[in-house]
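Just so you know, the protein sequences line up as chains A and B, in that order.
Last residue of the first sequence? That's 440 in our numbering, and every number before it is there in order.
Last residue of the second sequence? That's 440 in our numbering, and every number before it is there in order.
Note that beta-carbon positions come from the ideal geometry of N, C-alpha and C, so glycine has one too.
Read the structure below first, then the notes.
There are 2 protein chains.
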Amino acid sequence: MDEVAIGLIGFGTIGSGLIHILNENKTVIEARTGFRIKLKRIADLDIESDRGVIFDKSILTNDAYKVLNDPDISIVVELIGGYEPARTFILEAIRNGKSVVTANKALLAQHGPEIFENAANNCVDVAFEAAVAGGIPILRSLREGLIANRFDKILAILNGTCNFILSEMTENPGSGFSQALLKAQQLGYAEADPTLDIEGIDSAHKLALVLALTHGIRVPIESIHVEGITKIDAFDLVMAREFSYKIKLLAIIIRHGNRVEARLHPTMIPERHPLSKVDGVFNGIFLRGDLVGDQLFYGRGAGREPTASAVMGDIIELIRSGRSGKAGRVPPLGYPGPLKSSDCILDMNEVTTNYYIRIQANDRPGVLSRIAGIMANHNISIHSVVQKGRDFSGEGAVAVVFITHSAKEADLQKATLEIGNLDVVNCPPAIIRIEDEDLD
Amino acid sequence: MDEVAIGLIGFGTIGSGLIHILNENKTVIEARTGFRIKLKRIADLDIESDRGVIFDKSILTNDAYKVLNDPDISIVVELIGGYEPARTFILEAIRNGKSVVTANKALLAQHGPEIFENAANNCVDVAFEAAVAGGIPILRSLREGLIANRFDKILAILNGTCNFILSEMTENPGSGFSQALLKAQQLGYAEADPTLDIEGIDSAHKLALVLALTHGIRVPIESIHVEGITKIDAFDLVMAREFSYKIKLLAIIIRHGNRVEARLHPTMIPERHPLSKVDGVFNGIFLRGDLVGDQLFYGRGAGREPTASAVMGDIIELIRSGRSGKAGRVPPLGYPGPLKSSDCILDMNEVTTNYYIRIQANDRPGVLSRIAGIMANHNISIHSVVQKGRDFSGEGAVAVVFITHSAKEADLQKATLEIGNLDVVNCPPAIIRIEDEDLD
Chain A
1 MDEVAIGLIG FGTIGSGLIH ILNENKTVIE ARTGFRIKLK RIADLDIESD
51 RGVIFDKSIL TNDAYKVLND PDISIVVELI GGYEPARTFI LEAIRNGKSV
101 VTANKALLAQ HGPEIFENAA NNCVDVAFEA AVAGGIPILR SLREGLIANR
151 FDKILAILNG TCNFILSEMT ENPGSGFSQA LLKAQQLGYA EADPTLDIEG
201 IDSAHKLALV LALTHGIRVP IESIHVEGIT KIDAFDLVMA REFSYKIKLL
251 AIIIRHGNRV EARLHPTMIP ERHPLSKVDG VFNGIFLRGD LVGDQLFYGR
301 GAGREPTASA VMGDIIELIR SGRSGKAGRV PPLGYPGPLK SSDCILDMNE
351 VTTNYYIRIQ ANDRPGVLSR IAGIMANHNI SIHSVVQKGR DFSGEGAVAV
401 VFITHSAKEA DLQKATLEIG NLDVVNCPPA IIRIEDEDLD
Chain B
1 MDEVAIGLIG FGTIGSGLIH ILNENKTVIE ARTGFRIKLK RIADLDIESD
51 RGVIFDKSIL TNDAYKVLND PDISIVVELI GGYEPARTFI LEAIRNGKSV
101 VTANKALLAQ HGPEIFENAA NNCVDVAFEA AVAGGIPILR SLREGLIANR
151 FDKILAILNG TCNFILSEMT ENPGSGFSQA LLKAQQLGYA EADPTLDIEG
201 IDSAHKLALV LALTHGIRVP IESIHVEGIT KIDAFDLVMA REFSYKIKLL
251 AIIIRHGNRV EARLHPTMIP ERHPLSKVDG VFNGIFLRGD LVGDQLFYGR
301 GAGREPTASA VMGDIIELIR SGRSGKAGRV PPLGYPGPLK SSDCILDMNE
351 VTTNYYIRIQ ANDRPGVLSR IAGIMANHNI SIHSVVQKGR DFSGEGAVAV
401 VFITHSAKEA DLQKATLEIG NLDVVNCPPA IIRIEDEDLD
């Protein structure tokens, strides 16, 4: 049986998962591929800690160039994460004629063009299925199986940490954001510094990759509207339930002819929507193709084995490509030519959608009419309104919740700014956008 | 831009869908692939009927060999269906050095080995994503993205016709099987002769392909336990709802070490199971990988555009493979070596599962105790029992419904045979197997 040598840089959780797979599923992988994968060398700054997996300790090195310069190694797996030294190592691997597998969405969202261009020039491949939705083979599906489709709509839950926190807050309406985050941290679903997750940055990196693959648009995440989940109040989750909605942090990509709406924020979706059943640390991608109609992909978006499964799928993909011919069979970002840039993205102000607006106001006569008047002045038509009594947040304050008909983001922003400035309103209105095709 | 010529044999619904895609999504396909696909010739016995799509009529021929012998054509798309002449045409295409795309599950389940062996010998590929679950890229996911996983459990709804009928019977409890079938036929979801669908044959062909891809086992469908949906009574759907179950026609593959349980029959699943939300003509594949954990793939499993989307994905896959190297990058049935045969399949008599048993008996004292006694004699332990009064089917008859703890199929069969022979029992007991992990 042929043997293919690979090297690993970054020996953390996913790296140890990879060794677990090479140990435990060796037989099945060899039976399916017809070749043997040999992990020849592992580089990590920490070559002491016990990772809980069995392997030949002599392959450990703290010098990444022992991997990058090894002529036997044809594939380098980069699992360090972050921008540097990951970028440098990947470019060096490419220069040395090695294909690369990585799960590094931040790096690819930021430095993708440089990396992919270098790979093409050096006739090697860069694979990154593990960068989006962990064990779910979604990138491959978008780039290959579904390639003939225009993607009219994509709604995706791409961050298990946020989804766990929101599920937790939904199931235990008493549990506020901080308490749910703490639980996520205790269970190992959130990092000590959870900023990248809860502020939506991690999801935005993934959104940027999906946007490139589905629409050929390559933008830095700064040109996408990104909101995290830190402002979600337990009260909003109670209200969501009253309206038969669930709140999910959604990556949203909607096609309008040649322009595309791309945004990431907490979103209310109907309880009957397939994504509303995607709870806990699970990820889900709902897509509407002009040919295939509606599809849902559901599974674990993080964790040692699911992510390592995706890395392993990529390693095998690259070995197969290498053996059957040359690199570059499938363009890494889905399009062989130059990608379009941010002028194809619909300005957030032009986005039209439905809104949930929560306003905390003094319980005085005429307040509701003044608020409603401002909305009307800004062309915001109200679908339903619920006023909750004085028990909301202390003396004299009421919470008024509006669900709007379809409205323009610019109008909504103006209206809520004006409402927030009313003397009877205590704080800026809270806004959660709604994806509900039964509303207009 | 490079142009690749393809030929089509069989100009029915899916074939016209293919032309629709080539017309409507030409721009996006060319942008993503960098090449142009030219449908050079279409062969069909009927070259007169209007298919409702625009194309150059001069490419139509009633001689399939005009496609098979055209040296320009590198890929032949076979969409005739059935065994012959599809088999002959595919083998001829392969002999002529052309790769083949087909949606013909019956042919592949029956003659797969011959076709794939010929393809390998002639260095061409045979792709068949459209053969299972229409527009859902499930075969590619199993063979590539998820390749490192052992598949511990697969539960799949693979026939839209049956799923529509069962959904219809569930939603309208008054609607019996015949009425639901009639509605499916009126809506174009069932054929005039629906036998292949409703008897489970079509699903079994797909199950056989999935079994090969996931476990390397190749068996004729005769060695799989196959039951259709014709015996499902509206009463069973009412009872299912009482137990918070739904009834789905499931392809079931469960791994037990080196042996595999493979069966296809109507199955009760908990309402909370993700597959229970797969209604109407949709397909769904639930899988449990030892690495990725639980995943669900959901989408349209039939219809003109979804199926043609999968065919188109395969065409592009084959063109990409041809351009980047040689054929055979991925083994068509997931394993490069010879596949295992039916001795890896657990005998149906050895299968252990939970059962719903409906017995129609005379309402006389002692009946329940006699039935329960027979079950006990055969080691079948009862989880719950519901007796419904005389309104079930005329005078003196009651329906008694049992849910069992885990029991062996052989025991179950013996017990129900014995119960059916009781003088107080009017007809053979009806059995529906249950997949509920909360039962034991």
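Residue pairing from DSSP leaves Ala-184/A without any beta-bridge partner.
With distances taken between CA atoms, Arg-329/A lies nearest to Ser-321/B out of Leu-8/B, Ala-103/B, Ser-321/B, Arg-241/B.
In the displayed model, Leu-296/A falls within a strand according to three-state DSSP.
Leaving aside the five residues that flank Ile-59/A on each side, the residues in its chain whose CB is nearer than 6 angstroms to its CB run, in chain order, Arg-41, Ile-42. Taking a Cβ-Cβ cut-off of 8 angstroms, the neighbours of Pro-336/A in chain B comprise Arg-32, Thr-33, Gly-34, given in sequence order. CA-to-CA, the gap between Leu-318/A and Gly-17/A works out to about 19 angstroms.
Note: Ile-382/B is bridge-paired with Thr-404/B in the DSSP secondary-structure output.
Secondary structure remark: continuous alpha helix (DSSP H) runs of at least 4 residues inside the segment 216–299 of chain A, in chain order: 234–242. For the segment 112–135 of chain B, the set of residues with a beta-carbon nearer than 7 angstroms to any beta-carbon of chain A comprises Glu-129, Gly-135, in chain order. With a threshold of 9 angstroms between beta carbons, Ala-86/A makes no contact with chain B. In this structure, Asp-440/A lies away from Pro-270/A, with their beta-carbon atoms at least 9 angstroms apart. Note: Tyr-356/B is bridge-paired with Ile-403/B, Ile-432/B in the DSSP secondary-structure output. DSSP places Ala-109/B in the helix class (H, G or I) of the three-state scheme. Contact check for Thr-102/B against Val-124/B fails: the beta carbons are separated by 9 angstroms or more. CA-to-CA, the gap between Asp-202/A and Ile-224/B works out to about 46 angstroms. For Ala-376/B, the enclosing alpha helix (DSSP H) starts and ends at 367–377. Taking a C-beta distance under 9 angstroms as the contact criterion, Arg-259/A and Ser-341/A do not qualify as a contact pair.
Apart from sequence neighbours up to five positions away, the residues of its chain that approach His-378/B with a beta-carbon distance below 6 angstroms are Asp-411, Lys-414, Ala-415, ordered along the chain. Look at Ile-80/B here: in three-state DSSP terms it is coil, with no helix or strand label. Counting only the Cα atoms, Gly-12/A lies some 51 angstroms from Arg-87/B. For Glu-409/A, the enclosing alpha helix (DSSP H) starts and ends at 409–420.
Under the three-state reduction of DSSP output, Val-330/A falls in the coil class, being neither helix nor strand. Within 8 angstroms of the CB of Val-330/A, the CB atoms of chain B belong to Arg-320, in sequence order along the chain. A direct Cα-to-Cα measurement between Ile-147/A and Ile-21/B gives close to 11 angstroms. Taken in chain order, the complete alpha helix (DSSP H) segments of 4 residues or longer contained in the segment 139–199 of chain A are 160–171, 177–186, 195–198. At least one CB atom of chain A sits nearer than 9 angstroms to the CB of Asn-25/B. In the displayed model, Arg-364/A falls within coil according to three-state DSSP, outside both helix and strand. For Leu-346/A, no alpha helix (DSSP H) encloses it, and the DSSP letter there is neither H nor E. Between the alpha carbons of Ser-369/A and Phe-243/A lies a distance of about 22 angstroms.
Per DSSP, the beta-bridge partners of Ser-99/A are Ile-75/A. Contact of Lys-66/B with chain A by beta-carbon distance below 8 angstroms is absent, the smallest such distance being about 26 angstroms. What Arg-150/B touches in chain A, judged by beta-carbon distance under 8 angstroms, is Asn-25, Val-28, going in chain order. When Cβ-Cβ separations below 9 angstroms define contact, Lys-246/B makes no contact with chain A. For Phe-297/A, the chain B residues whose C-beta falls within less than 7 angstroms of its own C-beta are Phe-297, listed in chain order. Taking a Cβ-Cβ threshold of 7 angstroms, the residues of chain A close to Lys-326/B are Ser-324, Gly-325, in chain order.
Distance from the CA atom of Tyr-189/B to the CA atom of Leu-181/B, rounded to whole angstroms, is 9 angstroms.
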